[in-house]
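Peer 1:
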Amino acid sequence: MNVPAAREPVLVGVSRSPATVWAVRWAADQAAARTLPLLIVHAQEWPSAVSPDVEPGGSGHLWAAHFRAAGQALVETARAEALQLRPELDVSVLVAEGRPHDVLRRFGGEASQVVVGTRLLSEVESPFVRSRGAGLLGRLACPLALVPRLLEPLPEHGGMVVVGVDGSAVSEAAVAYAYEEAALNGARLVAVEVRRPHQAAREGFHEESRLDLGEALAGWREKYPQVEVEQEVLTGYPAHLLAEAARHARCLVVGTHGRSGWRDAVLGSTARSLVHRTHGPLVVVPPQYAGEA
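Per the working numbering, the sequence shown starts with residue 22, numbered consecutively.
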């Protein structure tokens, strides 16, 4: 692969999904804010009846030519969308053969962030639908942004970033990304810790929760003193409460790959539950993410 610049690009996977345009816009904003190149990738999964290596004049050659042209048109349309929004970007496009999941994993290994479109599902639909984004959770070494079709554009500056915190190494990586995102966009940061309802009756619960949350943010407050921070401790079902807290946010940031135990594993399992429930971008951050240098 020819990476478009020395620095790892923001990679956005495009398809014919209605959410693609929003994924491209999010990726373009991310690339511009972080002064990174943008790489637009479309995965073409060839049907078994036609070989991608069919020779001119052979059976299926005309269809194969149209199939390739359609894929190229898709990435060029996405490039035009990105450059209309951010004319200063260094944008490259790539059409790769293979299953979307495999292609995004392969090229995502050389990306600073992977972005894909997703869609909201009802409570009835969600247990039966496995999306491309859900299949990538825990499979990438970089943050994964899942962007739904937005009802209105995100503000160019300000707003809020919501991050789920549980005090583990998993959420520490999420906090690192969330502080970066808030600082880059002049947004306030809302750190939310969700605990089980029965814990609320325990003596000292609120003081302990506030202390834990404050400790999770302490070092990052010093690194990003310009970021306004709010802290919330909630009790209940994590996915539902985090999605509601982030309903009007620029994005919701959570970690994945939790360790054993309810408190350490909650964000890892919650990430999967949130894939089709958030009304804005969901960013899932792997535990090895330490923030930009």
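No residue lacks a Cβ here, since even glycine has one placed at the ideal position from N, Cα and C. These numbers come from a predicted model, not from an experiment.
How about V274 and Y198: are their beta carbons less than 8 Å apart?
Peer 2: By one-based count along the sequence shown, residue 274 stands at place 253. By one-based count along the sequence shown, residue 198 stands at place 177. Closer than 8 Å, so yes.
Peer 1: Just tell me which of V306, V211, V182, A99 has its CA closest to the CA of E253.
Peer 2: To locate residue 253, count along the sequence shown from 1; it is residue 232. E253 has its Cα closest to that of V211, out of V306, V211, V182, A99.
Peer 1: If you draw a straight line from the C-alpha of A103 to the C-alpha of A49, how long is it?
Peer 2: On the sequence shown, residue 103 is found 82 positions in, with the first residue counted as 1. On the sequence shown, residue 49 is found 28 positions in, with the first residue counted as 1. Looking at the two C-alpha atoms, the distance is approximately 6 Å.
Peer 1: Could you name each continuous beta strand (DSSP E) segment of 3 residues or more that falls completely within the region 171 to 220, going from the start of the chain to the end?
Peer 2: DSSP runs (the beta strand (DSSP E)) wholly in the region 171 to 220: 181 to 185, 209 to 216.
Peer 1: How do the region 259 to 269 and the region 233 to 245 stand: do at least 3 beta-carbon pairs fall below 8 Å, yes or no?
Peer 2: Contact fails: fewer than three Cβ-Cβ distances are below 8 Å.
Peer 1: So who's on the other strand from V168, going by DSSP bridges?
Peer 2: Here residue 168 refers to the residue found at position 147 when the sequence shown is read from its first residue. V168 pairs with G138.
Peer 1: Using beta-carbon positions only, say whether L32 and G138 come within less than 8 Å of one another.
Peer 2: Against the sequence shown, residue 32 aligns to sequence position 11. Against the sequence shown, residue 138 aligns to sequence position 117. No. Outside cutoff.
Peer 1: State the Cα-Cα distance for the pair P318 and N206, rounded to the nearest angstrom.
Peer 2: Residue 318 lies beyond the stretch modelled for the chain, which goes from 22 to 314, so this question has no answer here.
Peer 1: What residue range does the beta strand (DSSP E) around V96 cover?
Peer 2: Here residue 96 refers to the residue found at position 75 of the sequence shown. Here V96 belongs to no beta strand (DSSP E); instead the alpha helix (DSSP H) covers 82 to 106.
Peer 1: Count the other CB atoms within 10 Å of the CB of A195; is the residue buried (16 or more) or exposed (fewer)?
Peer 2: Within the sequence shown, numbered from 1, the residue matching residue 195 stands at position 174. A195 is buried by the Cβ-count criterion.
Peer 1: Cα-Cα, which of E29, S113, Q65, A91 is closest to V45?
Peer 2: Stepping through the sequence shown from its first residue, residue 45 is reached at position 24. Of the candidates E29, S113, Q65, A91, the one whose C-alpha sits nearest the C-alpha of V45 is S113.
Peer 1: Can you tell me whether G301 is helix, strand or coil according to DSSP?
Peer 2: Counting from one through the sequence shown, the residue named residue 301 turns up at place 280. DSSP places G301 in coil when its eight states are reduced to three.
Peer 1: Cα-Cα, which of H63, V305, S290, A54 is closest to A91?
Peer 2: Start at 1 with the first residue of the sequence shown, and residue 91 comes out as number 70. With distances taken between Cα atoms, A91 lies closest to H63.
Peer 1: Taking only the alpha-carbon atoms, compute the straight-line gap between A208 and V250 and give it to the nearest angstrom.
Peer 2: Taking the sequence shown and counting its residues from 1, the one referred to as residue 208 is at position 187. Taking the sequence shown and counting its residues from 1, the one referred to as residue 250 is at position 229. Approximately 9 Å between the Cα atoms of the pair.
Peer 1: My parser needs the alpha helix (DSSP H) runs of 4 or more residues fully inside the region 32 to 69; what are they?
Peer 2: Counting whole runs of 4 or more residues, the region 32 to 69 contains the alpha helix (DSSP H) stretches 41 to 54.
Peer 1: Going along the chain, which unbroken runs of the beta strand (DSSP E) with 3 or more residues stay wholly within the region 228 to 271?
Peer 2: Counting only runs of 3 or more, we get 250 to 256.
Peer 1: Please classify R120: is it buried, with 16 or more other beta-carbons within 10 angstroms of its beta-carbon, or exposed?
Peer 2: Here residue 120 refers to the residue found at position 99 when the sequence shown is read from its first residue. It is exposed - the Cβ of R120 has fewer than 16 other Cβ atoms within 10 Å.
Peer 1: What do you reckon, are the CB atoms on A266 and G301 nearer than 8 Å?
Peer 2: Counted from its first residue, the sequence shown places residue 266 at position 245. Counted from its first residue, the sequence shown places residue 301 at position 280. No, they are not a contact pair.
Peer 1: Just the C-alpha distance for L167 and E228, rounded to the nearest angstrom, thanks.
Peer 2: If you number the sequence shown from 1, residue 167 lands on position 146. If you number the sequence shown from 1, residue 228 lands on position 207. The straight-line gap from Cα to Cα measures roughly 34 Å.
Peer 1: Does the beta-carbon of Q105 have 16 or more other beta-carbons within 10 angstroms, so that it is buried, or is it exposed?
Peer 2: The residue given as residue 105 occupies position 84 in the sequence shown. The residue in question, Q105, is exposed, as its Cβ has fewer than 16 Cβ neighbours within 10 Å.
Peer 1: Find out if the Cβ-Cβ distance for the pair V135, L161 is shorter than 8 Å.
Peer 2: The sequence position of residue 135 within the sequence shown is 114, counting from 1. The sequence position of residue 161 within the sequence shown is 140, counting from 1. It is a contact, given that the beta carbons lie within the stated cut-off.
Peer 1: What's the call for W43, buried or exposed, on a 16-neighbour Cβ count within 10 Å?
Peer 2: Residue mapping note: residue 43 aligns to position 22 of the sequence shown, counting from 1. W43 comes out buried.
Peer 1: Looking at the C-beta of L95, does it have a partner C-beta in chain C at a distance below 8 Å?
Peer 2: In the displayed structure, chain C is absent; only one protein chain is listed.
Peer 1: Helix, strand or coil for L295 per DSSP?
Peer 2: On the sequence shown, position 274 is the one that residue 295 refers to. In the structure shown, L295 sits in a helix (DSSP, three-state: H, G or I).
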